[in-house]
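>
Number of protein chains: 2
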Amino acid sequence: MKLLQERIRQDGLILSDKVLKVDSFLNHQVDTQLALEIGKEFARIFGDQPITKVLTIEASGIQFAMATAIALGVPFIYAKKKKAVTLSENVFSASVHSFTRQETYQISVSQKYLDPSDKVLIIDDFLATGAALAGLVDIVKEAGAELLGAGCVIEKSFQEGRSLLEKMGVRVHSLARIASMAPGEIHFVEDDILFNPHSKEIVEC
Amino acid sequence: MKLLQERIRQDGLILSDKVLKVDSFLNHQVDTQLALEIGKEFARIFGDQPITKVLTIEASGIQFAMATAIALGVPFIYAKKKKAVTLSENVFSASVHSFTRQETYQISVSQKYLDPSDKVLIIDDFLATGAALAGLVDIVKEAGAELLGAGCVIEKSFQEGRSLLEKMGVRVHSLARIASMAPGEIHFVEDDILFNPHSKEIVEC
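Protein chains in written order, with the UniProt record's numbering: chain A, 1 to 205; chain B, 1 to 205.
(1) Anyone know if the C-beta pair for G144 (chain B) and V172 (chain B) falls short of 9 angstroms?
(2) What's the call for H97 (chain B), buried or exposed, on a 16-neighbour Cβ count within 10 Å?
(3) Below 9 angstroms between beta carbons: does that hold for L36 (chain B) and A71 (chain B)?
(4) Using the C-alpha atoms, what's the distance from S60 (chain B) back to D125 (chain B)?
(5) Compute the distance between the beta-carbons of I122 (chain A) and G161 (chain A), then report whether it is under 9 angstroms.
(6) List, in chain order, every chain A residue whose beta-carbon is nearer than 8 angstroms to that of Y78 (chain B).
(7) Measure how close the beta-carbons of K141 (chain A) and S108 (chain A) come, nearest whole angstrom, since I'm counting them as under 8 angstroms.
(8) Given this structure, state the Cα-to-Cα distance separating V189 (chain B) from L3 (chain B), to the nearest angstrom.
(9) Between L127 (chain B) and Q111 (chain A), what straight-line distance do the alpha-carbon atoms span, to the nearest angstrom?
(10) Can you tell me whether T68 (chain B) is buried or exposed, with buried defined as 16 or more other CB within 10 angstroms of its CB?
(11) S180 (chain B) bridges to which residues according to DSSP?
(12) Give every residue of the same chain whose Cβ lies closer than 6 angstroms to the Cβ of E146 (chain A), excluding the five residues on either side of it in the sequence, and list them in chain order.
(13) If we cut at 9 angstroms on Cβ distances, does I107 (chain B) have a partner in chain A?
(14) Once you ignore the five residues that flank G12 (chain A) on each side, which residues in its own chain have a CB closer than 6 angstroms to its CB?
(15) Per DSSP, T104 (chain B) forms a beta bridge with which residues?
(16) For chain B, is any of its Cβ atoms less than 9 angstroms away from the one on V74 (chain A)?
(17) In this structure, does DSSP put D138 (chain B) in helix, strand or coil?
(18) I'd like to confirm the pairing. Which residues does DSSP put opposite Y78 (chain B) in its beta bridges?
(19) Would you kindly check if the distance between the Cβ of L165 (chain B) and the Cβ of V137 (chain B) is under 9 angstroms?
(20) Where does the unbroken alpha helix (DSSP H) through E166 (chain A) begin, and where does it stop?
(21) Taking Cβ-Cβ distances below 7 angstroms as the criterion, which residues of the stretch 147-180 of chain B are in contact with chain A?
(22) Between B:E58, B:K82 and B:S174, which has its C-alpha nearest Y78 (chain A)'s C-alpha?
(23) Could you spell out the range, first to last residue, of the beta strand (DSSP E) harbouring F126 (chain A)?
(24) What separation, rounded to the nearest whole angstrom, lies between the Cα atoms of G135 (chain A) and T104 (chain A)?
Next up, the structure:
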């Protein structure tokens, strides 16, 4: 998604070869117009399928799940990161290890909101190690629902998240795939290559 | 907001005289159409003022801040609940005690995203003790920005949150004000009374 890549080049802050901050427009202060465009793009990519629910994880996936759900005309669900006092009914849950925070937490979704009739699209802001998304995939499987794909706003393609998800049989699409980065420079995986799974070539765009 | 009150009557789960669950349509699974209507209503109520930013707190305020920001055509910011590893720059922060979870946490907003030129509308899902909202008010004051009001989706009017905020000089508007509730019944503060600050009368509607 060119609009997103350009915005990352313009406003993203690259702190190291692994850490990209996009909190001026994506995940702390949010450019709502851009978020809506992101939702429309996910709807364009995945909308040929009969999606009944969008699933994400609190907190920074919410704005993109909402934008996608608006574009698709379906509800969205956000998994909670720990069992809340008022989330008392039975839940589907998974353990997620965060490498950024060096902690393991539980994510959970009420059993009332996912069932075998659901066709689910997972949406999240970042795909890096894939741990959070793999937890969401586990929850969809536990519910017996059908997983139609996973859409990520930004993918760190130099980390193992995509291959982890693909090994789980998940169709993954990311709107900006970072091949490599360092303070002052960022290289995206060329969009065209996304559609050629046999190519390993990485082109700056 | 009649649409919201009707939906609470229909789909809200009253667990006790203090605990209302709305997680089937507001804060776990989200009805995006209703969320957008809520955003439009806040924009109708507060939109006569020159709002530059909507401010909320992760996670369950995000969908309503986003809907309101969409309706107003401005960005929104969500305060983080603890200092994240990648939120390394200087922050405005406040301490918030959660009575539901019986814990105190820090909320913070990067100093880059609020400044004295900003005119801020605070949005959140619930107003009960007012602790979280008071923390957001403190952050706006710390930034030297102007606070134009606070919009809450659901207010537990039998708790002290509104009076706490009003004592801080905040203009508060809630879309559904619960006067009292118990399993099987819920009473809203009559909408008309909202516009008569001298009336203490509570009417079921």
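Cβ coordinates follow ideal geometry from the N, Cα and C atoms, glycine included. Nothing here was measured: the structure is a model prediction, and the numbers come from that model.
Based on what the coordinates show:
(1) Result no, Cβ atoms of G144 (chain B) and V172 (chain B) do not sit closer than 9 angstroms.
(2) H97 (chain B) sits exposed, since fewer than 16 C-beta atoms from the chains shown fall within 10 Å of its C-beta.
(3) Yes; because the gap between Cβ atoms is below 9 angstroms, this pair is in contact.
(4) Cα to Cα, D125 (chain B) sits roughly 6 angstroms from S60 (chain B).
(5) Between I122 (chain A) and G161 (chain A), the gap from beta carbon to beta carbon reaches 9 angstroms or more.
(6) Residues of chain A passing the Cβ test: H28, V30 and A59.
(7) Separation of the CB atoms of K141 (chain A) and S108 (chain A) is rounded to 14 angstroms, and the pair is thereby denied contact status at 8 angstroms.
(8) So the two alpha carbons sit approximately 15 angstroms from each other.
(9) Near 27 angstroms, if we compare the C-alpha coordinates of Q111 (chain A) and L127 (chain B).
(10) That one is buried.
(11) In the DSSP secondary-structure assignment, S180 (chain B) is bridged to B:H187.
(12) Residues of the same chain with a CB within less than 6 angstroms of the CB of E146 (chain A), apart from the 5 flanking positions on each side, are K119 in chain order.
(13) Judged by the 9 angstroms Cβ criterion, I107 (chain B) is not in contact with chain A.
(14) Hits under 6 angstroms: L20 and V22.
(15) Bridge partners of T104 (chain B): B:H97.
(16) Output row for V74 (chain A): interface = yes.
(17) Helix at D138 (chain B).
(18) Answer is B:T56, bridged to Y78 (chain B).
(19) For V137 (chain B) and L165 (chain B), yes; Cβs fall inside 9 angstroms.
(20) Per DSSP, the continuous alpha helix (DSSP H) segment holding E166 (chain A) begins and ends at G161 to K167.
(21) Listed in chain order, the positions of the stretch 147-180 of chain B with a beta carbon within less than 7 angstroms of a beta carbon of chain A would be empty, since no residue qualifies.
(22) Comparing Cα-Cα distances from Y78 (chain A) to each of B:E58, B:K82 and B:S174, the minimum goes to B:E58.
(23) Unbroken beta strand (DSSP E) run through F126 (chain A): K119 to L127.
(24) G135 (chain A) and T104 (chain A) have their C-alpha atoms spaced approximately 12 angstroms apart.
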